[in-house]
Amino acid sequence: MIRYVGRRLLQGAFVLWAAYTVSFLILYLLPGDAVSIMASGDEQNSVDPALVAKLRSEYGLDRPLHEQYVIALFKALQLDFGVSIKNGVAATQAVGEVLPETIKLAAAGFALAVLLGSALAIAASFSRNRWVRQLVASLPPLGIAVPTFWIGLLLLQFFSFRLRLFPALGNDGAQSLVLPALTLAIPTSAVIAQLLIRSLHQTLGEPYIEQIRAKGASDALIHFGHALRNAAIPTLTMLGILVGNLLAGAVVSETVFSRTGIGRLTVTAVNSRDIPVVQTLVVLAAAIFVITSLVVDLIYPLVDPRINTAAKATA
Numbered sequence: 072m073i074r075y076v077g078r079r080l081l082q083g084a085f086v087l088w089a090a091y092t093v094s095f096l097i098l099y100l101l102p103g104d105a106v107s108i109m110a111s112g113d114e115q116n117s118v119d120p121a122l123v124a125k126l127r128s129e130y131g132l133d134r135p136l137h138e139q140y141v142i143a144l145f146k147a148l149q150l151d152f153g154v155s156i157k158n159g160v161a162a163t164q165a166v167g168e169v170l171p172e173t174i175k176l177a178a179a180g181f182a183l184a185v186l187l188g189s190a191l192a193i194a195a196s197f198s199r200n201r202w203v204r205q206l207v208a209s210l211p212p213l214g215i216a217v218p219t220f221w222i223g224l225l226l227l228q229f230f231s232f233r234l235r236l237f238p239a240l241g242n243d244g245a246q247s248l249v250l251p252a253l254t255l256a257i258p259t260s261a262v263i264a265q266l267l268i269r270s271l272h273q274t275l276g277e278p279y280i281e282q283i284r285a286k287g288a289s290d291a292l293i294h295f296g297h298a299l300r301n302a303a304i305p306t307l308t309m310l311g312i313l314v315g316n317l318l319a320g321a322v323v324s325e326t327v328f329s330r331t332g333i334g335r336l337t338v339t340a341v342n343s344r345d346i347p348v349v350q351t352l353v354v355l356a357a358a359i360f361v362i363t364s365l366v367v368d369l370i371y372p373l374v375d376p377r378i379n380t381a382a383k384a385t386a
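Just so we're aligned: the sequence shown equals residues 72 to 386 in this note's numbering.
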């Protein structure tokens, strides 16, 4: 197990390095100039060349690309991603100030997604009515196809402007979290439901399920006591991608509902070419993916003991 975890940590370190390097090159090749934007406030306006040269020197942008990369990478290894070009504060501080709000939103969205997705999957496989099963099974593809921003606008129009049940904008209390979290949850729950429906259908056709049913076990015991646990394994495999979807959806959700968080910070940083902040966000997203994947791999044997047994036999 120690060797396995060590190998995965090395793979994770490679992923973080690759994410940092690719983002560095992409941001360097993007059109526009962060220093000119900061100096003038508008890329269309002329700026003082002396001021631009001074700012380039302060931020180290006057050096060759390979020198900028080596210096930035060495500092990044010490968790120093530089100073925000837009705000003048440390990039890690800029991200840290808004991260708690995004964590609350992502956690609430993930919890709702698991509840909604599991409920849909169970309803699609548990119901005895074929029409009900087909109707419920047709909902996940619709949830995946609908754009996240459109879901947010619909929820905003109906629950905020028409019924006035929830605030439309801001980060003011738990009520302001409901609609953004639901906006995040609907597409993610659709993915969970689609995976669980297929997996439950396959699991319920396994011979051991027929043996359990022949012994007189109820449908509820078969679904919740045996089938659901094994059917959840493909969903666990997709957990890293689902977390990535939540982070991507947070950009849209926080923009639609004008919430302070990583989503809005990402949009602002990209528009202003704030390279230190963007790279901090990229590495943070990659680290979350690496950690999530490692945790999922460690959870596998707890969910399905056969995986642990097979690993021991192989060893």
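We treat Cβ as the ideally placed atom computed from N, Cα and C, and that holds for glycine.
Tell me the residue span of the alpha helix (DSSP H) that contains residue i.
i, result
"ARG78", "73-100"
"PHE232", "Taken as a continuous stretch (DSSP letters only), PHE232 belongs to no alpha helix (DSSP H), as it is neither H nor E."
"ALA298", "Note, ALA298: premise wrong, no alpha helix (DSSP H); not H, not E."
"THR339", "333-342"
"GLY214", "210-216"
"GLU277", "No alpha helix (DSSP H) holds GLU277; DSSP gives it neither H nor E."
"PRO171", "162-197"
"GLY223", "219-226"
Give every residue of the same chain whose Cβ lies closer than 6 Å to the Cβ of residue i, excluding the five residues on either side of it in the sequence, and list them in chain order.
i, result
"LEU248", "ALA179"
"ALA381", "Legend: pLDDT at ALA381 = 46, less than 50; position of this residue unreliable, no value from coordinates given."
"SER198", "ARG204"
"LEU318", "ALA356"
"GLY83", "VAL361"
On the criterion of 16 or more Cβ atoms from any shown chain inside 10 Å, does residue i qualify as buried, or is it exposed?
i, result
"GLN350", "buried"
"TYR279", "exposed"
"ALA384", "In this prediction, ALA384 has a pLDDT of 46, which is less than 50 and means its spatial position is unreliable; what the coordinates show is noted afterwards. Exposed, by the Cβ-count rule."
"VAL207", "buried"
"ARG335", "buried"
"LEU80", "exposed"
"GLY214", "buried"
"ASN316", "buried"
"GLU172", "buried"
"ARG235", "exposed"
"LEU271", "buried"
"VAL93", "exposed"
Where does residue i sit, in a helix, a strand or coil, going by DSSP?
i, result
"VAL154", "strand"
"ALA245", "coil"
"ILE359", "helix"
"ALA261", "helix"
"ALA147", "helix"
"ALA400", "In the structure as shown, the chain starts at 72 and stops at 386, and residue 400 therefore has no counterpart that could be examined."
Below 9 Å between beta carbons: does that hold for residue i and residue j?
i, j, result
"GLY223", "VAL341", "no"
"ILE346", "TYR99", "yes"
"SER260", "LEU310", "no"
"GLY296", "LEU176", "no"
"ALA239", "PHE232", "yes"
"ALA147", "SER155", "no"
"VAL398", "PRO251", "The displayed coordinates of the chain run from 72 to 386. Any statement about residue 398 would go beyond what the structure contains."
"ALA192", "LEU292", "no"
Excluding the 5 residues preceding and the 5 following residue i in the sequence, name in chain order all residues of the same chain whose CB lies nearer than 8 Å to its CB.
i, result
"VAL133", "Inspection of the sequence shows that residue 133 is occupied by Asp rather than by Val. ALA124 and ARG127, listed in sequence order."
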